[in-house]
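J.: Take a look at the following structure, please.
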Amino acid sequence: DTAVSQTPKYLVTQMGNDKSIKCEQNLGHDTMYWYKQDSKKFLKIMFSYNNKELIINETVPNRFSPKSPDKAHLNLHINSLELGDSAVYFCASSQSSHQPQHFGDGTRLSIL
Amino acid sequence: RKEVEQDPGPFNVPEGATVAFNCTYSNSASQSFFWYRQDCRKEPKLLMSVYSSGNEDGRFTAQLNRASQYISLLIRDSKLSDSATYLCVVIPGYSSASKIIFGSGTRLSIRP
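Line by line, the protein sequences give chains Z and G. For reference, each letter of the first sequence is one residue, going 1 to 112 in the numbering used here. For reference, each letter of the second sequence is one residue, going 1 to 112 in the numbering used here.
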């Protein structure tokens, strides 16, 4: 029944590793997003996809690569993880880019 | 000037009190505005959209002041469960590629 689900909920890994976070929404929304919330709780958009097409690509290191196999899924792959990548990553979706967003419950990434 | 600014608080008010806080934005072309609440270690959840004519939902009232470029949130008869961080969201422009900007949040704590 969960509208926006992301996995895993917790991810603890070593510096230099590659990891992926998956996100799925069952709301029939056209737009999906990835956000990063750092230790200061500032929520910043990373990427936005509309119907599988990349719309917003903020200034994010190219170690971060989003992939949208269909409009219900938006995954995030991160290469060569660094200490500064430790944060909570939220996936969200909305009917269109100017509509309210529904968030997943976050993936807490900790880099050792 | 930051694109979106909020007083970080914390606002510490007694149960039953009325509390209000503002969110200022720098881009006069901004078109869409929302208030979200985020509980500790949880995802942001939509509280209400902010319309040009204002918006009221029970104890919550949101207003938009385009001339002074801010949105406001008023909470009447505050409850303990209102304790949370309140985030404003501003979307400048109509394009689907418009950047979505979250404020850094205002912390509200309701005491018995």
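Even for Gly, the Cβ is constructed at its ideal location relative to N, Cα and C.
What's the C-alpha gap between L76 (chain Z) and W34 (chain Z)?
T.: 8 angstroms
J.: Exposed or buried, which one is L112 (chain Z) when buried takes at least 16 other CB atoms within 10 Å?
T.: Only exposed fits L112 (chain Z), as fewer than 16 other CB atoms lie within 10 angstroms of its CB.
J.: Quick check on this structure: which residue in G:L87, G:T18 and G:R1 has the alpha carbon closest to the alpha carbon of L47 (chain G)?
T.: G:L87
J.: Suppose the cutoff is 8 angstroms on Cβ atoms and the five residues either side in sequence are ignored; what does the same chain contact list for P100 (chain Z) look like?
T.: Closer than 8 angstroms at Cβ, skipping near neighbours: S94.
J.: Tell me the residue span of the beta strand (DSSP E) that contains Q6 (chain Z).
T.: V4 to T7
J.: Let me know if V19 (chain G) comes out buried or exposed under the rule of 16 or more other beta-carbons within 10 Å of its beta-carbon.
T.: buried
J.: Over what stretch of residues does the beta strand (DSSP E) that includes R41 (chain G) continue unbroken?
T.: Unbroken run through R41 (chain G): none, as it is neither H nor E.
J.: Quick one: any contact between the region 62-80 of chain G and the region 24-33 of chain G, if contact means 3 or more CB pairs under 8 angstroms?
T.: yes
J.: Just to check my reading of the structure: E43 (chain G) and F103 (chain Z) have Cβ atoms closer than 8 angstroms, yes? What is that Cβ distance to the nearest angstrom?
T.: Yes, they are in contact, since the Cβ atoms of E43 (chain G) and F103 (chain Z) sit about 4 angstroms apart, within 8 angstroms.
J.: Might you give, ordered along the chain, the residues of its own chain that have their beta carbon closer than 7 angstroms to the beta carbon of Y10 (chain Z), omitting 5 neighbours on each side?
T.: R108
J.: Could you work out which residues of chain G lie near F90 (chain Z), taking near to mean beta carbons separated by less than 9 angstroms?
T.: E43 and P44
J.: Under a Cβ-count criterion, where at least 16 other Cβ atoms within 10 Å of its own Cβ denotes burial, should V4 (chain Z) be classed as buried or exposed?
T.: buried
J.: Leaving out five residues before and five after K19 (chain Z) in sequence, what residues of the same chain have Cβ atoms less than 7 angstroms from its Cβ?
T.: L11, T13, I78 and L81
J.: For L112 (chain Z), which of helix, strand or coil comes out of DSSP?
T.: coil
J.: Return the first residue and the last residue of the beta strand (DSSP E) that P66 (chain Z) is part of.
T.: Counting along the chain, P66 (chain Z) sits inside the beta strand (DSSP E) bounded by residues F64 to D70.
J.: Using the Cα positions of R111 (chain G) and P14 (chain G), report the straight-line distance between them to the nearest angstrom.
T.: 5 angstroms
J.: Quick one: what does DSSP say D114 (chain Z) is sitting in, helix, strand or coil?
T.: Not covered by the structure: residue 114 (chain Z). The range shown for chain Z is 1 to 112.
J.: Identify every residue that forms a DSSP beta bridge with K19 (chain Z).
T.: Z:I78.
J.: Name, please, each residue of chain Z whose Cβ falls closer than 8 angstroms to the Cβ of K99 (chain G).
T.: I45, I56 and E58
J.: Report the CB separation of N22 (chain G) from E3 (chain G) in whole angstroms; it is logged as a contact under 8 angstroms.
T.: About 15 angstroms; that fails the 8 angstroms criterion.
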